[in-house]
Amino acid sequence: MAEIEYVKKVDDLIKLKLVLVSCTNKKGLVSNDGIEGVPENGILGKIAEKNPDVVFISTGGTYKLLKEAGLPVIQVSEYTKYPEMKTGLVKSLHPAIHAGLLAHNHTSSDDEFMKENGLKYIDALIVNFYALIK
Numbered sequence: 011m012a013e014i015e016y017v018k019k020v021d022d023l024i025k026l027k028l029v030l031v032s033c034t035n036k037k038g039l040v041s042n043d044g045i046e047g048v049p050e051n052g053i054l055g056k057i058a059e060k061n062p063d064v065v066f067i068s069t070g071g072t073y074k075l076l077k078e079a080g081l082p083v084i085q086v087s088e089y090t091k092y093p094e095m096k097t098g099l100v101k102s103l104h105p106a107i108h109a110g111l112l113a114h115n116h117t118s119s120d121d122e123f124m125k126e127n128g129l130k131y132i133d134a135l136i137v138n139f140y141a142l143i144k
């Protein structure tokens, strides 16, 4: 049986260039909102501080919040070059998003596919969902 290895210590920062953000609850994204353990400039502010070349992809209220906070952000519809529905739905269900999240950047066939189709790897996804039970 193979031995399972795991990370025991993180000693290098993983550089983030492209991050998809879709959050219903926006507390703590760009300020700490009095939340213990959240950086003063929020989770996304800290990511941008540590990764000066990062660009966030977002929509709606989250896009507006990030833009107002001065963070580098692009609308999903601008990124995918495909409009969102008037109700705001189905904005991130797009092959450019899925490929960016799921492609293996260490696999030559995936890397070739991404290059051939002008797609970019998405390094991280920050998301929270609607509460199922109130």
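Going by the numbering used here, the letters in the sequence shown line up with residues 11 to 144, in that order.
Where a beta carbon is used, it is the ideal one built from N, C-alpha and C, also for glycine.
Values in this document were obtained by computation on a predicted structure and should not be read as measured data.
Of the other Cβ atoms in all chains shown, fewer than 16 fall within 10 Å of the Cβ of PHE123; this residue is therefore exposed. Straight-line measurement puts the Cα of PRO105 at about 17 Å from the Cα of ILE84. For VAL86, no beta strand (DSSP E) segment is defined; the enclosing uninterrupted segment is the alpha helix (DSSP H) at 86 to 90.
ILE132 and LEU28 have their C-alpha atoms some 5 Å from each other. With respect to the 9 Å criterion, ILE57 and VAL48 are not classified as neighbours on the basis of their beta carbons. Using a 10 angstroms sphere on the CB of LEU103, the tally of other CB atoms stays under 16, which defines it as exposed. Annotation: the continuous alpha helix (DSSP H) that includes LEU76 extends over 70 to 78. Cβ-Cβ separation between LEU30 and ILE67: approximately 5 Å, consistent with a contact (criterion under 8 Å).
Of the residues ASN35, GLU50 and LYS125, the one whose Cα lies closest to the Cα of ASN42 is GLU50. Taken through DSSP and simplified to helix, strand or coil, ILE136 comes out as strand. The residues LEU26 and VAL29, in chain order, have a CB closer than 7 Å to that of ALA134 in the same chain once the five nearest residues on each side in sequence are set aside.
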